[in-house]
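A short write-up of the structure that comes next.
Protein chains: 2
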Amino acid sequence: MSWYLPEKVEIKEVGPRDGFQMEKAFIPTKEKIRIINALSETGVSAIQVTSVVHPKAVPQLIDAEEVMANIERKEGVSYSVLVPNICGAERAIPMKADEWELMLSVSESHSLANANRSVDDSLKIMEEVVHLANAHNVSVRGGMATALGCPFEGRIPFERIHYVAEAYYQMGVRAFSVADTVGVADPKLVYETISQLKALFPDADINLHLHNTRGMALANVIAGLQAGVTSFDASVGGLGGCPYAPNATGNVATEDIVHMLERMGVQTGINLRKLLAVSRDVEKLVDHPLESAVSRAGTADELHQAPTRQMKIGE
Amino acid sequence: MSWYLPEKVEIKEVGPRDGFQMEKAFIPTKEKIRIINALSETGVSAIQVTSVVHPKAVPQLIDAEEVMANIERKEGVSYSVLVPNICGAERAIPMKADEWELMLSVSESHSLANANRSVDDSLKIMEEVVHLANAHNVSVRGGMATALGCPFEGRIPFERIHYVAEAYYQMGVRAFSVADTVGVADPKLVYETISQLKALFPDADINLHLHNTRGMALANVIAGLQAGVTSFDASVGGLGGCPYAPNATGNVATEDIVHMLERMGVQTGINLRKLLAVSRDVEKLVDHPLESAVSRAGTADELHQAPTRQMKIGE
């Protein structure tokens with residue numbers, strides 16, 4: 458009966474960034490702000506608001522400045538932006554985010570394809586970004602895209618993850634985000650990767666960024682919890698996705714992870730009822746069905762009325 | 458790094474019964490036979506072929522006799538039928554199934570609503586069914602519907618599961634199937650329920666029947682594996698469902714469970730490529746999209762070509 462689960466975890470809502478950037482139709486700025494404000498009221502402890510990526514690369518988030526300037530910041534909620542380079546960092550300074558989420562790919566081929574530079578070149582850039590963050594008193598988290606699998610290279614040797622984590626650590630970064638960018642990680646890989654990272658960097662705060670592309674996201678959450686992770690990214694409605702699997706599900710849905718954790722007595726601080734209301738609102742906004750099991754099926758504690766007239770089966 | 462996983466597990470394909478019975482359109486008998494024969498060639502170790510329930514209750518399986526008489530039985534594959542009552546058992550005798558899967562609901566209200574009799578009355582009937590099975594040398598497995606949650610009562614106290622398991626055990630039944638009939642179980646509940654059952658019935662073979670209604674099926678597989686379960690029901694394409702959540706996903710998809718297990722090095726004996734071919738065939742047959750993440754997204758080991766012309770993001 459000794460099945461380890463933590464008492465509470467932190468959920469970071471990444472829908473406004475990782476979700477909205479994958480929507481074909483541009484989400485109007487005022488709608489983005491409205492949804493982010495509604496998410497702030499659910500009890501979530503952190504929201505990844507936007508990304509300071511070049512507007513040509515991600516036109517959906519061209520309004521990063523306007524969004525960051527106009528959301529209502531609720532006390533106790535950490536508002537972060539994704540920072541992929543120095544130009545982005547300079548844009549991010551006046552936004553006064555609580556956290557910058559640094560982003561690079563652990564796999565060489567994905568780094569070249571996505572950012573047009575090697576992993577080592579990305580690390581040099583991240584070092585400068587960390588200096589800027591320190592100069593402006595912003596926390597940083599070292600993101601590791603494709604750490605749990607690359608669409609071009611497949612499984613990534615742990616040595617490569619260790620290499621990037623060590624480089625981040627040498628820059629003074631003490632918070633990592635280990636990403637299953639294309640949804641290929643299995644629970645054993647998650648457990649082993651996190652366990653090894655925690656053994657090597659016992660003072661680091663490790664977050665898991667999971668996609669449900671092959672249905673394994675909640676199983677990977679369990680593996681992560683058992684390896685000691687207490688911070689998970691999730692996207693309202695399961696928004697987001699992967700360009701290599703266009704029909705597939707995206708980020709693990711916030712509703713689904715919160716529902717599972719709360720059922721097990723692991724506290725998230727999130728009011729699921731409020732979150733499901735935001736999710737219904739998001740569904741209208743994006744105008745396509747959401748990839749969240751709980752928003753489709755309802756919560757497990759919704760009881761039904763037993764039929765009064767019984768149907769006789771068999772005999 | 459001590460994360461327990463078994464070397465191999467048994468997957469029982471239940472699509473032909475639990476899946477086909479939920480399809481609105483009747484699947485023609487010869488198509489059922491063709492799919493079952495194709496499933497037999499995937500390496501699966503057991504198939505639940507049909508149910509000997511009253512045709513008025515489940516008209517989709519009215520052809521149980523014809524299907525059982527005409528499938529090609531492959532050596533090494535166990536072919537079972539679901540037997541809910543004595544009338545069904547009598548129908549099942551000439552079918553010469555390898556196993557009868559007894560079925561009753563652990564929750565009183567579900568038992569009354571679904572079978573129009575109390576749990577105790579069902580147990581008395583099952584005792585007679587077991588006598589018939591013994592007389593005809595057929596193995597039996599004691600099914601426990603709603604053991605992991607009831608649509609009318611919610612969570613079922615473990616004492617009720619214990620009560621039914623003990624009654625089965627007293628009849629000589631040494632194989633159980635613990636069902637999450639409406640897809641409400643969470644991993645902690647699965648782990649604790651199975652651990653307690655295994656402690657009380659150390660010589661029993663325990664199977665888990667999981668639905669993915671709230672996205673937790675693969676997480677529950679992990680919990681089950683860690684509690685020592687090595688037999689899982691699964692349905693090709695995720696066919697099946699639950700009348701109380703009509704838009705929701707159904708049984709855990711065979712493709713998804715096999716994909717996850719094989720990625721972790723847990724052997725299922727199933728050739729995933731062959732299974733995915735059957736799944737595509739089933740999708741054409743049922744004429745609606747399947748609820749299998751892997752059939753939508755492809756397997757995690759399918760690598761993509763890195764783009765030669767690199768798109769510059771950021772900077």
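In the order they appear, the protein sequences are chains A and B. The numbering of the first sequence is this note's numbering, which starts it at 458 and goes up by one. The numbering of the second sequence is this note's numbering, which starts it at 458 and goes up by one. Idealized CB from N, CA, C, for every residue including glycine. The structure displayed is predicted, hence computed values, not measured ones.
>> Quick check on DSSP: helix, strand or coil for V743(B)?
In response: helix
>> Let me make sure I understand the geometry here. Which of R530(A), S566(A), A570(A) and N571(A) has the alpha-carbon closest to that of M552(A)?
In response: R530(A)
> Which residues, in order along the segment 588-609 of chain A, keep a beta-carbon less than 9 Å from a beta-carbon of chain B?
Replying inline: G606, C607, P608 and F609
> If you drop the 5 nearest sequence neighbours on each side, which residues of the same chain put their C-beta closer than 6 Å to that of D713(B)?
Replying inline: S749, A750 and V751
> How big is the Cα-Cα spacing for D738(A) and T756(A)?
Replying inline: 17 Å
> Per DSSP, E556(A) is paired with what?
Replying inline: S537(A) and S596(A)
> Is the beta carbon of A602(A) less than 9 Å from the beta carbon of S596(A)?
Replying inline: no
>> Considering only their Cβ atoms, is the gap separating N664(A) from K465(A) smaller than 9 Å?
In response: no
> So is Q478(A) buried or exposed if we call it buried at 16+ other beta carbons inside 10 Å?
Replying inline: buried
> Going along the chain, which residues of its own chain have a beta-carbon closer than 8 Å to the beta-carbon of A482(B), five neighbours each way excluded?
Replying inline: V743 and D744
>> I want to know whether the segment 519-527 of chain B touches the segment 560-574 of chain B - three or more CB-CB distances under 8 Å.
In response: no
> Below 8 Å, can you find three or more Cβ-Cβ pairs linking the segment 618-626 of chain A to the segment 639-647 of chain A?
Replying inline: no
> Roughly how many angstroms separate the alpha carbons of Y461(B) and Q683(B), rounded to a whole number?
Replying inline: 6 Å
> In chain A, which residues lie with their C-beta within 8 Å of the C-beta of K645(B)?
Replying inline: W460, L462, R720, M721 and G722
> Using a beta-carbon distance below 9 Å, is Y536(A) in contact with chain B?
Replying inline: no
> Listed from N- to C-terminal order along the chain, which residues in the segment 742-769 of chain B have their beta-carbon within a distance smaller than 8 Å of any beta-carbon of chain A?
Replying inline: S749, A750, V751, R753, A754, G755, T756, A757, D758, L760, H761, Q762, A763, P764, Q767, M768 and K769
> With 16 as the cutoff for other CB atoms within 10 Å, does A656(B) come out buried or exposed?
Replying inline: exposed
> Who are the near neighbours of N669(B) in its chain, counting only those whose CB is closer than 6 Å to its CB and skipping five residues on each side?
Replying inline: T706 and V709
>> Between A763(B), E480(B) and E719(B), which has its C-alpha nearest G694(B)'s C-alpha?
In response: E480(B)
>> Relative to the C-alpha of E532(B), which candidate in L747(B), K513(B) and S497(B) has its C-alpha closest?
In response: S497(B)
> Near I493(A), what residues of its chain come up, given a Cβ to Cβ distance below 8 Å and the 5 sequence neighbours on each side ignored?
Replying inline: P473, I504, V506, V524 and I528
>> My output table needs one value for F689(A): the three-state DSSP class, helix, strand or coil.
In response: strand
> Near E488(B), what residues of its chain come up, given a Cβ to Cβ distance below 7 Å and the 5 sequence neighbours on each side ignored?
Replying inline: L742
> What's the C-alpha gap between F615(B) and I651(B)?
Replying inline: 10 Å
> Name the chain A residues that come within less than 8 Å of N704(B), Cβ to Cβ?
Replying inline: R753 and A754
>> My output table needs one value for K465(B): the three-state DSSP class, helix, strand or coil.
In response: strand
> If the cut is a Cβ gap below 7 Å, which residues of chain B does I493(A) touch?
Replying inline: Chain B residues near I493(A): none, gap ~22 Å exceeds 7 Å.
> Which residues, in chain order, does the segment 636-670 of chain B contribute to contact with chain A at a C-beta distance below 9 Å?
Replying inline: V639, G640, V641, A642, D643, P644, K645, L646, Y648, E649, S652, Q653, A656, N669 and T670
> For the putative contact between A676(B) and A636(B), defined by C-beta atoms under 8 Å, what is the C-beta separation to the nearest angstrom?
Replying inline: Going by Cβ atoms, the distance from A676(B) to A636(B) rounds to 17 Å, so no, they are not a contact pair.
> With DSSP run on the structure shown, which of helix, strand or coil describes V408(B)?
Replying inline: The displayed coordinates of chain B run from 458 to 772. Any statement about residue 408(B) would go beyond what the structure contains.
>> Within 9 Å of any Cβ in chain A, is that where the Cβ of S566(B) sits?
In response: yes
>> When you compare the CB positions of G476(A) and H511(A), do they come within less than 9 Å of one another, or not?
In response: no
>> I'd like to know if A734(B) contacts chain A, where contact means its C-beta is closer than 9 Å to some C-beta of that chain.
In response: no
> Where does E616(A) sit, in a helix, a strand or coil, going by DSSP?
Replying inline: helix
>> So, under 8 Å CB-CB, A570(B) and V509(B) are touching, yes? Tell me the CB distance rounded to an integer number of Å.
In response: Not quite, the Cβ-Cβ distance comes to about 21 Å (not below 8 Å), so this is no contact.
> So which residues of chain A does H619(B) contact, with C-beta pairs closer than 9 Å?
Replying inline: Residues of chain A passing the Cβ test: none, with the nearest at roughly 15 Å.
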